[in-house]
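The structure appears right after this line, and notes come after that.
Protein chains in written order, with this note's numbering: chain A, 197 to 308; chain B, 53 to 170.
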């Protein structure tokens, strides 16, 4: 059972464009929603995270939008750059944040 | 570099052999996690430790898998009698737990050990 559903699985965006990745979850006990960025041969690195008491969080070019009633959240990358080309994972955790449940990942390619 | 360190980075072994991986967490972190990531998938939780105590194990962690964190510092993950399906990237992460057992500190991941079974 996939507890965190992520789409699309791949995304091609032109430099300067907006990249949008969507996720949905089932478990209402989730109360922490991080996004991770992973480059080939590297481990996931935390990019930005949100808790369900806010609807939006912005850090630089990265914004998370959160819709608690719909159990959906999304990552927007503004002014996408070739250096943003990586795989992005949405994730969710609950309670003491003992374990993170990841989505399947979105491979983003930003073309010049 | 004071991040999470994993060794080896790559391991190639024949089916049926035993393998052991090591993880050194960030020094002040008291929680340590193991995940498995297969190609084209997100990491899947295997187990985690708080200090030296193993507090949760996923159903993915079959009897052939064992993890230890003997002194609450580094951890080892051993796979006995490896099978083709064990081929994956094994990721270690660590975090700091605040008082009361609730942690709002993110998990920091190492770069993983890639296991290939011939």
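No residue lacks a Cβ here, since even glycine has one placed at the ideal position from N, Cα and C.
Residues that residue 242(A) contacts on chain B, provided the C-beta gap is smaller than 7 Å: Listed along chain B, the residues sitting closer than 7 Å to residue 242(A) by beta-carbon distance are 158.
Given residue 83(B) as reference, the closest of 165(B), 166(B), 145(B) once Cα atoms are compared: The shortest C-alpha separation from residue 83(B) is found at 145(B).
Helix, strand or coil: how does DSSP classify residue 230(A) here? Of the three classes helix, strand and coil, the one that applies to residue 230(A) here is strand, per DSSP.
Identify whether residue 138(B) lies in helix, strand or coil by the three-state DSSP scheme. Helix.
What are the uninterrupted segments assigned as beta strand (DSSP E) that are 3 or more residues long and contained completely in the stretch 222–279 of chain A, given in chain order? Complete beta strand (DSSP E) runs here, min 3: 226–234, 241–246, 252–255, 258–263, 268–273.
Do the CB positions of residue 119(B) and residue 129(B) come within less than 7 Å of each other? In contact: residue 119(B) and residue 129(B) (Cβ atoms closer than 7 Å).
What is the DSSP secondary structure of residue 157(B), counted as helix, strand or coil? Note: residue 157(B) maps to coil in three-state DSSP.
Taking a contact to mean a Cβ-Cβ separation below 7 Å, would you say residue 300(A) touches residue 94(B) in this structure? Yes, Cβ-Cβ distance for residue 300(A) and residue 94(B) is below 7 Å.
By DSSP, does residue 218(A) sit in helix, in strand, or in coil? If DSSP states are grouped into helix, strand and coil, residue 218(A) belongs with the strands.
Starting from residue 62(B), follow its DSSP beta bridges and name the residues at the other end. According to DSSP, residue 62(B) shares a beta bridge with 166(B).
Give the secondary structure of residue 84(B) by DSSP, where H, G and I count as helix, E and B as strand, and everything else as coil. Looking at residue 84(B) - three-state DSSP - the assignment turns out to be strand.
Got a sec, what are the start and stop residues for the beta strand (DSSP E) residue 129(B) sits in? Residues 127–131.
Evaluate residue 162(B) with the Cβ neighbour count: other Cβ atoms within 10 Å of its Cβ, from every protein chain shown; 16 or more gives buried, anything less gives exposed. Label assigned to residue 162(B): buried.
Alpha carbon to alpha carbon, how far is residue 231(A) from residue 298(A)? Give it in angstroms, no decimals. Cα to Cα, the separation comes out at about 9 Å.
Own chain, CB closer than 7 Å to residue 152(A), minus 5 neighbours either side, in chain order: This structure does not reach residue 152(A), given that chain A is present from 197 up to 308, and the question cannot be answered.
By the criterion of Cβ-Cβ separation under 8 Å, what are the contact partners of residue 76(B) in chain A? Result: empty, since nearest Cβ-Cβ is about 13 Å, beyond 8 Å.
Could you tell me if residue 225(A) is buried or exposed, where buried requires 16 or more neighbouring beta carbons within 10 angstroms of its beta carbon? That one is exposed.
Spell out whether any CB of chain A is found under 7 Å from the CB atom of residue 122(B). With 7 Å as the cut-off, residue 122(B) does not count as an interface residue toward chain A.
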